[in-house]
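Chemist: Below is the structure I would like to discuss, written out as structure tokens.
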Amino acid sequence: MSANLHGQLLCQGTSLARGGSIATSIVFLILAPCRLYSLRNEETKGQGAIRLTSQISSPIPAAAAVAQLVSMLKFAHGQLDIWRIVETCLALATAVAFIVVSAVEHRKTIRPSSAIVAYLLAMLGSDVFALTHPGHAGVASTGSQNDRGLTAITLVVRLTLLAFECRDKSLALFSKYAGLSPEETVGVLSRTFFCWLAGLMALGNKRMLRPADMPPLDTQQRGAKLRGQALKHWESRERPERGVTLLSVLARCLMAPALRPIIPRLCVTVCRCSQPVLIRQAMAFVSGTNEHAECRGNWILSAAIVIYGGLAVCTSLYRHRLNRLQIGIRASLVALVYDKALKISSDVFDANRVVTIMGTDIDSVSGAGEMLHETWGQFAELATGMILLAREVKWLWPLPLAIIVASSRVSKYVAANVRMRQKNWTAATQTRISTLSSTLGSMKSVKAMGLAGHLGDYITDLRQAEIESSKDVRWMHCIYNASANAVGIFTPVVTVVLFALVAAAQGVQLDAKTTFTTTAILAVVTHPANMIMTIVPRAIAALANHAVCLCCLDLDECADVVSVCRLVGCIHVNLRRATFMLLASRSGRMLHQALLVSIFGAPLSYFVSTDTGVTLNRFSQDISLVDRQLPVALSGLCTQILKMTVQLAILLQVQRQLWLALPVCIAVVYVVQRVYLRTSRQLRALELESHSALYSWFLETVDGVVSIRSFAWQASATARNLEGLDSSARPEYALMCLQCWLNLVLDLLVGLVAVGVIAVALRWRDATVEANLGMSLNIIFVTSPTLVRLVQSWTSLDVSLGAVARLKSAIEETPSEDKPGEGLKPDAWPTRGDLHVRNLSAGLENMVLTSVDLDASPGQKLVICGRTGSGKSTIVLSLLWLIESSGSINVDGVPLSRIRRSAIRDQCFITVPQDAFFLPQATLQFNLDPSGRVPRSILRDALLSVDMWVPVSAVSPGADPFDQPMSSLPSFSVGQTQLLAMARAVVKRHALAGAGEYHDDEPCRPILLLDEATSSLDAATEAKIYDIVQSVFTEKGYTVVIVAHRVSMLADRMRPGDHVAWIQDGRVVKVGNADDLRRGLESWHEGQDTHLE
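To convert, count from 1 in the sequence shown and add 29; that's my numbering.
The structure is reproduced here in structure tokens:
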């Protein structure tokens, strides 16, 4: 009876292999005509050696099928197996169809055929099963031996064909397809195992990667295509907009990429939930006495290969498809925001918020696809795990749910209390970044007015407020982290202990099989529960950032709420962010302060040659990495190292055979991380660099949108934005793929160890302890994510340290404008304002001024005029010591070459530039008096003197205008803004004098310097400016230097002793007096651009 049962089992196995072969052949024969029909109108895309070698090898399976049919008929001895005949005939027909389909696919497609590769893989699996199944090994007839020989030959041929069919077709394609992505020209296996990254990794380990080395994006991911789809669906959106309007637009725009992760996610769920079942079956096999052990053991081993291999491959595919979806969402949002920026009014869109919208908000919304798929996937795993748990612990299965619900109450408390704290933190970060953006964009004016030091202190205070706001959030994250970890820590212990107590009370002993199976199931239950609790606050954050993007795209309809939406920011909760709170705060504060001092102390030439986006990236992304990622990565690395050490120690103790595999595993991990880190570090740097260029162009577009529309440059601007978008996505996508490759390799390594453990236990089951096997498989169950997180934490730490290195490099390599011997800073100077310039030669890049001599005495005006490009502004830059110069500049007999340069601008000159700079985020009082030394009465008098008190006080009734941010005050015209700049000059006069009221005998008299301050003003406002100069400065003994392009208004305001200097080609061609100016000096300016009116 047992012999018959054994024979039945063997026949069932043989029939399964034969059935799989027949089914595969039938499916291929059905799909082959459909595929040929779909390719009938396709043009020929290439030909070459790949096609030739494939055509040479393709007929071999047909010949093998014929030989197998002949062998079967020859040795049948009157007993023909109809199913073997059907299998062989179908194999022959399929081989013929294979030849035709392969030839057409090679000529008319850009990538190897996925259908052919799938067919070959299925047939290879059938061949391997046929060769290794016990049913064939036990047959000794001549016909069977011949069949096995032909099967082995067919296996080798199919492997050869698979190698040919999987080869990259880029070299075989015509030149018109040369710009395709390597991912578009490789086969399904190369895409699955990321073999197309081999060239990039080899290049990254050989030399430094450049932007040109990045593989191009495929057609479906390029910005132009995504922009067209996004604009089409945005224009056809439902109106009025709802809270999920933008998400629905993205769903319609990216329907296919959004659905592709479903199948691999289901496979991941099945593989994860199958591991406890596999553990139970393996332990049952080791402890049992099955007489058909060999067959059953083979099935368990096959299941282990499928589960662990499938988990590694499906997880990789799932993450890869999520990454593609994320790239698509980000590109679509950037295209929509940029298109909106080109259409709306320039005074509605806040350029200083663009970095936050392009970075934090869009990045958060781009993760919506991952959160959606993870939510339903984790719920599916949780439900399946609870069903499996009920089979093991019976009525105790609700206990883990109770612990999860209790922990979720803590999470609910944290979610309710963290929102406002997170909002405050985000608002503080946005204020700091927008302040830096405004300051860096106007650094010439900031330095000229001597505001660099005051603004540096102001930004430092903002940074401190940001850090203080972050502490409240971090403590809430500590509570959240504790509640989330409590689920994984206490659920297995409480459940197993209670079940053991109940079993003991019922007189039943808890066996090892139930214990370790239950532990594995609880891991399946608790992990999804933790992930769901983590996704909830992330989903809240994504909805908040979605509101920001929606308001940005719909400014015409919701302009009143956009400022509120922007304050929501990113409410992203990182479970380990609070671990190293003090480290993050201190390191972030010190690095930010050092960087701020270094950048603000740089010469003007640095800001001319360095893109603002690059500098702003140091303060935003790099500082954010130090604040948020560095402590998380460091704590995560330490945690994972400790976990891995304990897990390895236990695993090696219960499975001593793994000592032999340990050196190989260590070597593999070392090589993998070495190759990965060398390439990923460079990809991350290129990603940050490309994002800087994208942000910079966006800022330039918002600032110059009026000119772009005036000259109809929208198409060119959009094309450049799309180019920058693709350039930024290329290293980002390559880095994502590299991370998927890393996870795949590590998962396969852990899976190989697990399969090895099971194989050893099955082979020597008499010497295997059931409990040791269960413990080792449970440890392997959690070792895979631990190993992946270990490498990811190391990578994240490496990226964070890269940010620290970039900050350190910026701090050390940024040149300082102060030179040796320029450290003098007099306390009360100048007291007269006597200015003498001798033999001055200067220029920013090329020499502009040559041997310039100028003099200005106290109480006098020196007017410098000349045509455009004559060198007037260069004189101003030289006086303020913003550029290097030769010659001498003395004020009250003190050479400016001995004075600290910041002191020259802050103490020696009161500068009013052509472009008045006011910080929108700061209060009116700070903008008028950054030093904070002047009482408000003086500020009010200064505003009254320039007729600006009434406009600035037009705020809410009862509100003090001095406490209001400049952005909340009424919009001012260009003339009113320049009048406010004159009011600031008046306030600075009093601040330097140290007086509380107006006095004629002030001890410190700085020089008033007007750098074409009235060039863009109307006549009335220009006259008002010069009247203020006359009454407040000149009549009270202050030296005034006026650089003017238009001097008609000055003609009637010149007094005896005032001088006019005409500049031409960098030289002083004449110095005259008031009478010369009134006569017009036509002889000196014939044909020039002086515009005497």
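Yeah, the Cβ is synthetic: ideal placement off N, Cα and C, and Gly gets one too.
Exposed or buried, what is Q1007 when buried is set at 16 or more other beta-carbons lying within 10 Å of its beta-carbon?
Modeler: By one-based count along the sequence shown, residue 1007 stands at place 978. Buried is the call here.
Chemist: Report yes if the CB atom of L864 is closer than 9 Å to the CB atom of L883, and no otherwise.
Modeler: Within the sequence shown, the letter at position 835 stands for residue 864. Within the sequence shown, the letter at position 854 stands for residue 883. Against a cut-off of 9 Å, the Cβ pair of L883 and L864 comes out as a contact.
Chemist: Can you tell me whether S786 is buried or exposed, with buried defined as 16 or more other CB within 10 angstroms of its CB?
Modeler: Taking the first residue of the sequence shown as 1, we reach residue 786 at position 757. Residue identity check: residue 786 is Val in the sequence provided, not Ser. Flag for V786 reads buried.
Chemist: Whose CA, out of L153, C118, R69, F158, lies closest to the CA of V130?
Modeler: Along the sequence shown, one-based indexing puts residue 130 at 101. The shortest Cα separation from V130 among L153, C118, R69, F158 belongs to R69.
Chemist: For the candidate residues L411, V828, T548, whose alpha-carbon lies nearest to that of A662?
Modeler: Along the sequence shown, read from residue 1 onward, the residue named residue 662 stands at position 633. The shortest C-alpha separation from A662 is found at V828.
Chemist: Do you know how far the Cα of I336 is from the Cα of L773?
Modeler: Numbered from 1 along the sequence shown, position 744 holds the residue referred to as residue 773. Numbered from 1 along the sequence shown, position 307 holds the residue referred to as residue 336. For L773 and I336, the distance between alpha carbons rounds to 14 Å.
Chemist: Measuring straight from C-alpha to C-alpha, what distance separates R47 and C324?
Modeler: Counting from 1 along the sequence shown, the entry for residue 47 is found at position 18. Counting from 1 along the sequence shown, the entry for residue 324 is found at position 295. Those two C-alpha atoms are separated by around 17 Å.
Chemist: Using alpha carbons as the reference points, say which of L906, I912, L925 lies closest to G850.
Modeler: Residue numbering aside, residue 850 sits at position 821 when the sequence shown is read from its first letter. When each option's Cα is compared against that of G850, the closest is L925.
Chemist: Quick check on C766: buried or exposed, where buried means 16 or more other Cβ atoms within 10 Å of its Cβ?
Modeler: Here residue 766 refers to the residue found at position 737 when the sequence shown is read from its first residue. Buried.
Chemist: DSSP on T952, reduced to helix/strand/coil?
Modeler: Start at 1 with the first residue of the sequence shown, and residue 952 comes out as number 923. It is a strand residue.
Chemist: Along the chain, where does the alpha helix (DSSP H) that runs through I918 open and close?
Modeler: Start at 1 with the first residue of the sequence shown, and residue 918 comes out as number 889. For I918, there is no enclosing alpha helix (DSSP H); the residue is found in the beta strand (DSSP E) stretching over 914-920.
Chemist: Would you kindly work out how many angstroms separate the C-alpha atoms of Q702 and R710, rounded to a whole number?
Modeler: Within the sequence shown, residue 702 is the residue found at index 673, counting from 1. Within the sequence shown, residue 710 is the residue found at index 681, counting from 1. If you take the alpha carbons of Q702 and R710, they lie about 11 Å apart.
Chemist: For G49, which residues from the same chain have a beta carbon less than 8 Å from its beta carbon, with the 5 sequence-adjacent residues on both sides left out?
Modeler: Locating residue 49 in the sequence shown gives position 20, where the first residue counts as 1. Answer for G49: A151, G154, S155, F158, listed in chain order.
Chemist: Identify the continuous beta strand (DSSP E) that holds R1096 and give its terminal residues.
Modeler: Within the sequence shown, residue 1096 is the residue found at index 1067, counting from 1. That run of the beta strand (DSSP E) goes 1096-1102.
Chemist: Between M472 and F648, is the Cβ-Cβ spacing less than 9 Å?
Modeler: Locating residue 472 in the sequence shown gives position 443, where the first residue counts as 1. Locating residue 648 in the sequence shown gives position 619, where the first residue counts as 1. No; because the gap between Cβ atoms is not below 9 Å, this pair is not in contact.
Chemist: Which word fits C63, buried or exposed, when buried means at least 16 other C-beta atoms lie within 10 angstroms of its C-beta?
Modeler: What you label residue 63 is simply residue 34 of the sequence shown in a count that begins at 1. Exposed, since its Cβ has fewer than 16 Cβ neighbours within 10 Å.
Chemist: Consult DSSP for Q1059 and reduce its assignment to one of helix, strand or coil.
Modeler: Counting from one through the sequence shown, the residue named residue 1059 turns up at place 1030. Helix at Q1059.
Chemist: If you draw a straight line from the C-alpha of L791 to the C-alpha of T546, how long is it?
Modeler: On the sequence shown, residue 791 is found 762 positions in, with the first residue counted as 1. On the sequence shown, residue 546 is found 517 positions in, with the first residue counted as 1. One C-alpha to the other measures close to 18 Å.
Chemist: Tell me which same chain residues have a C-beta within less than 7 Å of the C-beta of E497, skipping the five on either side of it?
Modeler: Locating residue 497 in the sequence shown gives position 468, where the first residue counts as 1. Correct list: empty, nothing qualifies.
Chemist: Does T548 come out as helix, strand or coil in the three-state DSSP assignment?
Modeler: For the purposes of this step, residue 548 is taken as residue 519 along the sequence shown, with counting starting at 1. Here T548 sits in helix by DSSP.
Chemist: Kindly list the residues whose CB is nearer than 8 Å to the CB of I737, restricted to its own chain and excluding five residues on each side of it in sequence; keep chain order.
Modeler: Within the sequence shown, residue 737 is the residue found at index 708, counting from 1. Only L371, T730, Q743, A746 meet the Cβ criterion.
Chemist: Where T903 and I912 are concerned, what is the direct C-alpha to C-alpha distance, given to the nearest angstrom?
Modeler: Taking the sequence shown and counting its residues from 1, one reaches residue 903 at position 874. Taking the sequence shown and counting its residues from 1, one reaches residue 912 at position 883. Looking at the two C-alpha atoms, the distance is approximately 8 Å.
Chemist: Helix, strand or coil for C894? Go by DSSP, reduced to three states.
Modeler: For the purposes of this step, residue 894 is taken as the residue at position 865 of the sequence shown. It is a strand residue.
Chemist: Return the CA-CA distance between C1033 and H1019, expressed in angstroms with no decimal places.
Modeler: Residue numbering aside, residue 1033 sits at position 1004 when the sequence shown is read from its first letter. Residue numbering aside, residue 1019 sits at position 990 when the sequence shown is read from its first letter. C1033 and H1019: Cα-Cα distance of roughly 9 Å.
Chemist: With a threshold of 8 Å on Cβ separation, who are the neighbours of L430 within its own chain once the five nearest residues in sequence on each side are excluded?
Modeler: Within the sequence shown, the letter at position 401 stands for residue 430. Once the five neighbours on either side are set aside, the close Cβ partners of L430 are M415.
Chemist: Curious, which full-length alpha helix (DSSP H) runs of at least 4 residues does the stretch 405-484 contain?
Modeler: Complete alpha helix (DSSP H) runs here, min 4: 427-470, 472-477.
Chemist: For R969 and T1068, what's the separation of their Cα atoms in angstroms?
Modeler: Locating residue 969 in the sequence shown gives position 940, counting from the first residue. Locating residue 1068 in the sequence shown gives position 1039, counting from the first residue. Roughly 25 Å separates the two Cα atoms.
Chemist: Flag this pair as yes or no: are the beta carbons of T555 and M673 separated by less than 9 Å?
Modeler: Taking the sequence shown and counting its residues from 1, one reaches residue 555 at position 526. Taking the sequence shown and counting its residues from 1, one reaches residue 673 at position 644. No; because the gap between Cβ atoms is not below 9 Å, this pair is not in contact.
Chemist: For the beta strand (DSSP E) that W1091 lies in, which residues bound it at each end?
Modeler: What you label residue 1091 is simply residue 1062 of the sequence shown in a count that begins at 1. Looking at the DSSP string, the run of the beta strand (DSSP E) that includes W1091 is 1088-1093.
Chemist: Considering only C-alpha positions, which residue in the set A796, K848, I808 is nearest to V779?
Modeler: On the sequence shown, residue 779 is found 750 positions in, with the first residue counted as 1. For the residues A796, K848, I808, the minimum Cα distance to V779 belongs to I808.
Chemist: Which of the three DSSP states, helix, strand or coil, is assigned to R615?
Modeler: The sequence position of residue 615 within the sequence shown is 586, counting from 1. Here R615 carries a helix assignment [DSSP, helix/strand/coil].
Chemist: Can you tell which of W405, L190, Q250, A1010 has its C-alpha closest to the C-alpha of S756?
Modeler: For the purposes of this step, residue 756 is taken as residue 727 along the sequence shown, with counting starting at 1. Minimum Cα distance to S756 is reached at Q250.
Chemist: Could you check which residue in M995, N234, P887, L1038 has the C-alpha nearest to that of L942?
Modeler: The residue given as residue 942 occupies position 913 in the sequence shown. Note on identity: in this sequence residue 942 is Pro, with Leu being the wrong assignment. For the set M995, N234, P887, L1038, the Cα lying nearest the Cα of P942 is the one of L1038.
Chemist: Output needed for L238: all residues of its chain with C-beta closer than 6 Å, excluding positions within five of it in sequence on either side, in chain order.
Modeler: Residue 238 sits at position 209 when you count from the first residue of the sequence shown. Around L238: Q711.
Chemist: Start and end of the alpha helix (DSSP H) containing D755?
Modeler: As a position in the sequence shown, residue 755 is number 726, starting the count at 1. Residues 743-792.
Chemist: Flag this pair as touching only if the stretch 284-301 and the stretch 352-361 have three or more C-beta atom pairs under 8 Å; answer yes or no.
Modeler: yes
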